[in-house]
Amino acid sequence: MSNQSYIWDTYDLVRSLTLGALNHTKEEVADIIPEGLSNNIRWNFGHILMTQDFFMYGPSCPHLPASYPALFSPGTKPANWEGDIPSLATLAAQLEEQKARIKETFADRLDEKLPQPFQLGNKGTMHTFGEMFAFTLFHEGMHMNALATLNKFISASK
């Protein structure tokens, strides 16, 4: 088995950037949906959390509240939210907990084959937990860009 400490160091970096952005977000702007967009800042943080659990633990996301797939799955939007919506502080705590849990669960399993290959639409196939995990870091970065765009729209509208 190769030394995979670099991937965990990258995870620490990516997640610290995400948590830094989250911790600098005020609740009063977290739910603003700029005209022409369908999601808000809170949705993006919840989506990062839920998607990583989905890819690493399966579609039931067993470590997250049962309501999260309906709130944060691809194709969902805040306009359709019902029930309790997590605060930014709750999402921050869950993102921190998730990082520790994933590092513990998959520390020596990144080379392990998935129970079955995961087909990402017609884009490609992932065969190992490491491939899935690397994709989640890419995905998190994409949503950090979405968050930056949201913040620009919100700042411009003030």
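The numbering of the sequence shown is UniProt numbering, which starts it at 1 and goes up by one.
Where is the CB? At the ideal position from N, CA and C, for every residue including glycine.
- Here T51 carries a helix assignment [DSSP, helix/strand/coil].
- Distance from the CA of A107 to the CA of Q52, rounded to the nearest whole angstrom, comes to 15 Å.
- Between the region 102-118 and the region 22-41, the count of Cβ pairs shorter than 8 Å is below three; the stretches do not touch.
- In the DSSP assignment, K99 is bridged to no other residue.
- Under the DSSP assignment, T136 falls outside any beta strand (DSSP E), being part of the alpha helix (DSSP H) whose first and last residues are F129 to A156.
- Distances from the CA of Q4 to each of W81, F118 and K103 were compared; the closest alpha carbon is that of K103.
- A Cβ-Cβ contact shorter than 9 Å links K77 with W43.
- The three-state reading of DSSP puts Q94 in helix, counting H, G and I together.
- The alpha-carbon of W81 is positioned some 12 Å away from that of S73.
- The beta carbon of M56 sits closer than 8 Å to those of I102, T105, F106, F129, M132, F133 and T136, all from its chain and outside the five residues before and after it, given in chain order.
- The C-beta separation of P117 from T125 comes to about 5 Å, placing the pair in contact by the 8 Å criterion.
- Closest option to A92, judged by alpha-carbon separation, among T10, Y6, Y11 and R15: R15.
- The residues C61, in chain order, have a CB closer than 6 Å to that of F54 in the same chain once the five nearest residues on each side in sequence are set aside.
- DSSP, read as helix, strand or coil, puts T125 in strand.
- When the Cα atoms are used, I154 and L37 turn out to be separated by approximately 11 Å.
- For P34, the CB contacts under 6 Å within the same chain, skipping 5 residues up- and downstream, are F153 in chain order.
- Here DSSP, grouped into helix, strand and coil, assigns L110 to coil.
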